[in-house]
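> Numbering (numbering that gives the first Met the number 0), first residue to last: 0 to 661. Cβ coordinates follow ideal geometry from the N, Cα and C atoms, glycine included. Bear in mind that the values here come from a model prediction, so they are computed numbers and not experimental data.
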Amino acid sequence: MLEQILNYGLGFYFLGLCLSGILSFIVKSHKKATSLFIFSNLLGLLSGIIYLVSFFPNKIIFGHFDWFLEFSPQLNLLSAIFFVLVSLVSALVGVYSLRYLELYKDSYNPKMVQFLMSFFVLGMQGVFIANNSFSFLFFWEVMSITSFFLVFADKSAQSVKAAFLYFIMTHLGASAILGGFLILGNGSLLFDLDNMRDVSQSLSYDKLCLVFFLFLFGFGSKAGLVPFHVWLPEAHPQAPSNISALMSGLMLKVAVYGFVFIVLSLTNIPAWIGLVVIFLGLLSSMVGVLYATMERDIKRAFAYSSIENMGIIFTMLGLAIYFLANTQNSLIAYGLIVFAIFHAINHALFKTALFLSSGVIINRTHTKSMDAMGGIAKIMPWFSGAFLVATLGSLPLPPLGTFYGEWGLIQGIISLMHQNVSSPTVIAFLLVVLVIMGLVSGLAVLAMVRIFGISMLGLSRSERMEKRNEKSDYLLIAPILVLGGLVILSGFMAKPIISQLIFQIQSFQNKESVSFAQFDIASLFIGISIFIFGFLIYLSKNLIFKNKKERSYQTWDCGQPIDAIMQYSATAFSAPIRFFFLTFIGRKKVIQSEPVVGTNPWIRKYSFELSMRSVWSNILYRPIARGLFLLAEKARLIQGGRIQYYILFLLFALIITLIFAL
Numbered sequence: 000m001l002e003q004i005l006n007y008g009l010g011f012y013f014l015g016l017c018l019s020g021i022l023s024f025i026v027k028s029h030k031k032a033t034s035l036f037i038f039s040n041l042l043g044l045l046s047g048i049i050y051l052v053s054f055f056p057n058k059i060i061f062g063h064f065d066w067f068l069e070f071s072p073q074l075n076l077l078s079a080i081f082f083v084l085v086s087l088v089s090a091l092v093g094v095y096s097l098r099y100l101e102l103y104k105d106s107y108n109p110k111m112v113q114f115l116m117s118f119f120v121l122g123m124q125g126v127f128i129a130n131n132s133f134s135f136l137f138f139w140e141v142m143s144i145t146s147f148f149l150v151f152a153d154k155s156a157q158s159v160k161a162a163f164l165y166f167i168m169t170h171l172g173a174s175a176i177l178g179g180f181l182i183l184g185n186g187s188l189l190f191d192l193d194n195m196r197d198v199s200q201s202l203s204y205d206k207l208c209l210v211f212f213l214f215l216f217g218f219g220s221k222a223g224l225v226p227f228h229v230w231l232p233e234a235h236p237q238a239p240s241n242i243s244a245l246m247s248g249l250m251l252k253v254a255v256y257g258f259v260f261i262v263l264s265l266t267n268i269p270a271w272i273g274l275v276v277i278f279l280g281l282l283s284s285m286v287g288v289l290y291a292t293m294e295r296d297i298k299r300a301f302a303y304s305s306i307e308n309m310g311i312i313f314t315m316l317g318l319a320i321y322f323l324a325n326t327q328n329s330l331i332a333y334g335l336i337v338f339a340i341f342h343a344i345n346h347a348l349f350k351t352a353l354f355l356s357s358g359v360i361i362n363r364t365h366t367k368s369m370d371a372m373g374g375i376a377k378i379m380p381w382f383s384g385a386f387l388v389a390t391l392g393s394l395p396l397p398p399l400g401t402f403y404g405e406w407g408l409i410q411g412i413i414s415l416m417h418q419n420v421s422s423p424t425v426i427a428f429l430l431v432v433l434v435i436m437g438l439v440s441g442l443a444v445l446a447m448v449r450i451f452g453i454s455m456l457g458l459s460r461s462e463r464m465e466k467r468n469e470k471s472d473y474l475l476i477a478p479i480l481v482l483g484g485l486v487i488l489s490g491f492m493a494k495p496i497i498s499q500l501i502f503q504i505q506s507f508q509n510k511e512s513v514s515f516a517q518f519d520i521a522s523l524f525i526g527i528s529i530f531i532f533g534f535l536i537y538l539s540k541n542l543i544f545k546n547k548k549e550r551s552y553q554t555w556d557c558g559q560p561i562d563a564i565m566q567y568s569a570t571a572f573s574a575p576i577r578f579f580f581l582t583f584i585g586r587k588k589v590i591q592s593e594p595v596v597g598t599n600p601w602i603r604k605y606s607f608e609l610s611m612r613s614v615w616s617n618i619l620y621r622p623i624a625r626g627l628f629l630l631a632e633k634a635r636l637i638q639g640g641r642i643q644y645y646i647l648f649l650l651f652a653l654i655i656t657l658i659f660a661l
């Protein structure tokens with residue numbers, strides 16, 4: 000009975016997503032289609048939760064479509080975690096979109112955005128229900144193509160440029176994933192994903208390494224790992240804010256799911272490959288957090304923050320790979336995988352909230368530059384509170400869920416150091432990882448304090464600031480509050496959530512039990528203690544100072560009225576970080592001056608311009624692009640304009656292909 004309910008629920012969910020996309024072009028307003036989109040995702044959320052709590056077998060198959068190349072949609076105990084996450088977040092983004100698309104109906108086509116958003120979510124969910132390599136890649140392409148069109152929804156030149164950069168990188172990654180599946184399937188595109196573990200055991204060492212690196216590039220480029228990240232800070236800021244939230248909050252998690260699936264499915268992965276993944280993870284986390292602390296564009300800062308968090312997740316997975324090669328440490332390795340998934344869940348929640356918040360801020364200030372923001376808290380106190388909750392949720396501070404994800408990494412490293420006391424090299428290596436993670440966490444706090452403080456507090460720096468009542472934007476604020484609250488709740492409920500995740504991974508992998516005592520977290524106790532301590536401080540304040548009246552007054556200005564230009568700007572706030580890490584970042588600084596009075600050269604007017612440059616673009620991608628353009632110029636020499644020549648070239652290409660194929 001319950002299985003039938005699940006089958007119908009999941010079937011109607013995917014049907015609802017399709018209909019919400021089609022309906023957007025039939026009805027006059029996008030709101031009816033968006034409402035169906037929200038309802039469908041709530042149905043998917045309910046179906047996913049029923050599956051997770053009903054203790055079904057390892058997977059449930061809810062259909063057979065032999066006409067579609069043997070596609071049998073299924074959910075397993077790993078994919079169901081991400082399925083529920085995407086359904087939940089998509090429903091909240093749908094609520095946000097009801098108001099957001101109305102505000103930007105002159106910039107975007109709301110019907111087209113809703114159509115593409117429905118099929119974008121359909122593509123992400125399709126990856127989780129794929130049973131073979133063809134269906135996996137099909138839905139991966141649906142996800143990639145729809146998000147490509149969404150990036151340049153406003154059709155500006157900058158958006159089109161960012162979209163095509165994303166298009167190139169995502170299809171390079173898709174080609175790598177295709178190559179990995181073709182090797183595993185011995186040339187067949189109908190390779191059954193359930194057979195990956197058995198097939199990988201029969202692969203030679205060289206082929207196994209090649210397959211893993213193809214998947215690492217494919218999923219790593221989609222997740223924004225350095226140095227494959229160049230598309231992410233370009234594409235995410237250009238998309239509409241509701242789409243940026245879906246791309247950063249959810250699409251990156253599809254890549255995490257794919258990589259976790261590979262780590263759990265491939266066997267006999269050598270330990271040195273884990274070191275490569277750890278290196279890429281640490282590099283990504285450092286590069287991401289450094290640029291997040293210095294970027295003035297609020298959406299680009301959040302995009303770099305996503306790169307940082309993806310780096311943390313892949314560092315955990317790299318450590319798991321490294322220590323899975325040693326069966327003595329396998330329990331801790333699986334624990335690290337669980338904490339990586341837990342951190343991915345929290346990142347989906349808080350990063351979605353932050354990108355949704357950026358949409359509200361940009362709508363009010365009409366700029367993405369934090370140097371032109373400020374004073375929003377005075378005119379939007381409810382939104383300011385919601386944004387503060389989301390910002391705090393992104394920080395590794397107890398009792399928030401993000402803290403426990405990173406705390407699990409620290410405890411895992413300490414446990415591994417205890418088990419490898421006799422190996423000084425391993426201990427030194429783990430200490431380096433620990434130190435870098437500590438630095439990244441500290442810089443992440445600085446980055447988020449900077450973003451919130453500069454954009455929300457102080458005086459307004461923008462003359463275009465809209466001061467309308469925030470009550471009309473309740474549909475924008477409510478989803479942000481809910482997402483921030485979920486991050487806080489995940490901290491209080493960290494232990495039961497992680498226990499459930501351990502059960503899910505155990506059942507998926509059929510491995511021995513992972514003792515949660517090795518990762519003991521008194522999350523509920525810590526949370527309640529902090530709440531009680533804060534309440535006691537508040538109570539003491541009221542008891543001690545209850546008869547003393549407070550008088551609100553403006554900041555003392557020493558007789559000189561304070562102007563917005565006197566405040567710290569986003570650029571000035573990050574100056575010490577730029578100076579200290581100057582060797583590792585790219586920037587262009589231009590200072591120009593001109594005399595105010597022609598007769599006095601000492602009195603001058605100065606202008607300062609600072610732009611951040613991607614080091615990776617300069618040293619890696621631009622030389623490749625120049626080489627391709629040079630090759631294209633050479634290829635133009637054979638462009639004779641006669642169709643006979645082109646047919647002859649095709650014939651030669653066909654003959655050469657047949658020679659190699661046969």
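1) Helix, strand or coil for E593 per DSSP?
2) Using 8 Å as the threshold, is the C-beta distance between F119 and S23 below it?
3) Ends of the alpha helix (DSSP H) at Q200?
4) Grab me the residues of M168's own chain with a C-beta within less than 6 Å of its C-beta, minus the 5 sequence neighbours each way, in chain order.
5) What three-state label does DSSP hand W381 in the structure shown?
6) Mapping DSSP to helix, strand and coil, what is K58?
7) Just list the residues that DSSP pairs K466 with in beta bridges.
8) Would you report the Cα separation of E307 and Y645, rounded to the nearest angstrom?
9) Where does E462 land, buried or exposed, given buried means 16+ other C-beta within 10 angstroms?
10) Taking Cβ positions, are G662 and F491 nearer each other than 8 Å?
11) Pull up the distance between the alpha-carbon of L97 and that of K110, whole angstroms please.
12) To the nearest angstrom, how far is it from the Cα of F648 to the Cα of L282?
13) Is the CB-CB distance between P232 and A302 below 8 Å?
14) Helix, strand or coil for Q237? Go by DSSP, reduced to three states.
15) Between which two residues does the beta strand (DSSP E) holding N75 run?
16) Got a sec, what are the start and stop residues for the alpha helix (DSSP H) T366 sits in?
17) For P395 versus F386, is the C-beta spacing smaller than 8 Å?
18) Pull up the DSSP beta-bridge partners for F64, would you.
19) If contact is defined by three or more beta carbon pairs under 8 Å, each pair taking one atom from either stretch, is the stretch 312–324 in contact with the stretch 468–484?
20) Taking the continuous alpha helix (DSSP H) assigned at Q3, which residues delimit it?
21) Let's test the definition: count the other Cβ atoms within 10 Å of the Cβ of S155 and tell me whether it reaches 16, buried, or not, exposed.
22) Can you check which of these residues, I268, I242 and A32, is closest to D153 by C-alpha distance?
23) Reducing DSSP to helix, strand and coil, say where P423 ends up.
24) Shortest alpha-carbon distance to L188 belongs to which of L136, M123 and K104?
25) According to the Cβ coordinates, are D296 and T570 closer than 8 Å?
26) Quick one: residues in its chain with C-beta nearer than 6 Å to the C-beta of L41, no 5 flanking neighbours on either side, listed in chain order?
27) Return helix, strand or coil for P109, following the three-state DSSP convention.
28) Whole angstroms is fine: what's the gap from G10's alpha carbon to G178's?
29) Do the CB positions of K252 and F147 come within less than 8 Å of each other?
30) Roughly how far, in whole angstroms, is the beta-carbon of F70 from the beta-carbon of S134, given that I think they are within contact range, below 8 Å?
31) Apart from the five residues just before and just after V141, which ones in its own chain have a Cβ nearer than 7 Å to its Cβ?
32) By a C-beta neighbour count over all protein chains shown, 10 Å radius and 16 as the cutoff for buried, is S606 buried or exposed?
33) Among F428, V486, S53 and I576, which residue has its Cα nearest to the Cα of V288?
34) What number of angstroms, rounded off, separates the C-alpha of P600 from the C-alpha of L458?
35) If distances are taken between C-alpha atoms only, which option among L657, I312 and V359 comes closest to A662?
36) Does DSSP put S187 in a helix, in a strand, or in coil?
According to the structure data:
1) strand
2) No. Outside cutoff.
3) M195 to Q200
4) S220 and W230
5) helix
6) K58 falls in the strand class under three-state DSSP.
7) None; K466 has no bridge partner.
8) 48 Å
9) exposed
10) Because residue 662 is not part of the residues shown, which for the chain are 0 to 661, the question remains open.
11) 11 Å
12) Spanning the alpha carbons of F648 and L282 requires a straight line of approximately 45 Å.
13) yes
14) helix
15) Q73 to N75
16) Note, T366: premise wrong, no alpha helix (DSSP H); not H, not E.
17) no
18) F70
19) With a cut-off of 8 Å, the stretch 312–324 and the stretch 468–484 do not count as touching, because too few Cβ pairs lie within range.
20) L1 to I25
21) exposed
22) I242
23) helix
24) L136
25) no
26) A90
27) P109 sits in a helix when the DSSP states are folded into three classes.
28) 31 Å
29) no
30) About 5 Å separates the beta carbon of F70 from that of S134, a gap short enough to meet the 8 Å contact definition.
31) F118, L121, G122 and G125
32) exposed
33) I576
34) Computed Cα separation, rounded: 34 Å.
35) With the chain represented from 0 up to 661, any question about residue 662 goes unanswered, as that position is not in the structure.
36) coil
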